[in-house]
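In full-length UniProt numbering, the protein residues as written are 1 to 319.
Take a look at the structure:
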């Protein structure tokens, strides 16, 4: 979710996103929802490329809302920007008067300002308060998770959301340290994780705190739970010919996206029927073969795209 106006970055896979959405945006007054608006880079390009489009942008981060509102000001008559969690997508569409849409974009993960502003506490490369809230009005912080979850629950978070094989060891080390003094900084947590992981493992695979920080961020912001609600809601809202594009940045997001799209693109009738029943025909078709990865040119423009995985689908029948 990087951006050309922040640190010299460009929106991830912008050309491919525009290419995939374009066929769905040729009719009269098409509507697109950007469920993770961020700094508005993808949204701006969509609005510029399609003069008839109305774009509905959703984001929970007040900074993102402020920045994207300013950025999209030239298109204000064709935009609706809402501060909300993506899981509120169905309500946002209803409130906007556009319950049926022609395109949906999910650019998941963390935006550049969230990573680059040390006081947000998302990055293990800065010493900062252990926060990680995308919406700073919510109560739960990463420090709350680290200091109040039972060790077994903390280990579950690290294992399920970070795919951390040393989750139990890290949770035990954290529990021991927090009993002496609360863990409130990103540096202290990163140091504890490094110490808890075997030395042989620390020598490979990048920063050993990466998986722990990912897991805490997902837990604090309920990211997978939001996607699990928002992506099906966007598919339900698509008109025939409408398209959805999803940019994921770790295996958990991509796996959930794959499962949701697979369920919509397969036949649901009993096997072995000589004539497939219309009611059980797939309502969607895949537009990508598996997950598409960024090419070398994309990576040269935007190194943060390295972990990106793109999937897309099109509605071909009404439900």
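Note that CB positions come from ideal geometry on N, CA and C, so glycine has one too.
| query | result |
| --- | --- |
| What's the call for residue 320, buried or exposed, on a 16-neighbour Cβ count within 10 Å? | With the chain covering only 1 through 319, there is no way to say anything about residue 320. |
| Excluding five sequence neighbours on each side, which residues of the same chain lie with their C-beta closer than 7 Å to the C-beta of residue 234? | 33, 35, 89, 104, 244 |
| To the nearest angstrom, report how far apart residue 20 and residue 27 are at their CA atoms. | 15 Å |
| Looking at the unbroken beta strand (DSSP E) that takes in residue 107, where does it start and where does it end? | 101 to 107 |
| So, at 6 Å on beta carbons, what are the nonlocal neighbours of residue 67 in its own chain, with the 5 sequence-adjacent residues on each side left out? | 39 |
| Output needed for residue 159: all residues of its chain with C-beta closer than 6 Å, excluding positions within five of it in sequence on either side, in chain order. | 167 |
| Provide the residue span of the alpha helix (DSSP H) that contains residue 213, from first to last. | 210 to 221 |
| Less than 8 Å between C-beta atoms, sequence neighbours within five positions excluded: which residues of the same chain meet that for residue 79? | 43, 47, 54, 55, 56, 57, 72 |
| My parser needs the beta strand (DSSP E) runs of 3 or more residues fully inside the stretch 44 to 89; what are they? | 54 to 59, 79 to 83 |
| Where does residue 34 sit, in a helix, a strand or coil, going by DSSP? | strand |
| Helix, strand or coil for residue 286 per DSSP? | strand |
| Determine the extent of the beta strand (DSSP E) in which residue 193 is found, giving its start and end residues. | Run containing residue 193: none in the beta strand (DSSP E); it sits in the alpha helix (DSSP H), 186 to 196. |
| Which of the three DSSP states is assigned to residue 224 in this structure? | helix |
| Check the DSSP bridge columns for residue 200 and list the partner residues they point to. | Partner(s): none; residue 200 has no beta bridge. |
| Check residue 296 in the structure and name its three-state DSSP category. | helix |
| Taking residue 241 as part of the alpha helix (DSSP H), name the residues at either end of that continuous run. | From DSSP, residue 241 is part of no alpha helix (DSSP H) but of the beta strand (DSSP E) over 238 to 248. |
| According to DSSP, is residue 19 helix, strand or coil? | helix |
| Assuming residue 308 and residue 247 make a contact with CB atoms under 8 Å, what is their CB distance in whole Å? | 6 Å |
| What are the start and end residues of the beta strand (DSSP E) that includes residue 313? | 309 to 315 |
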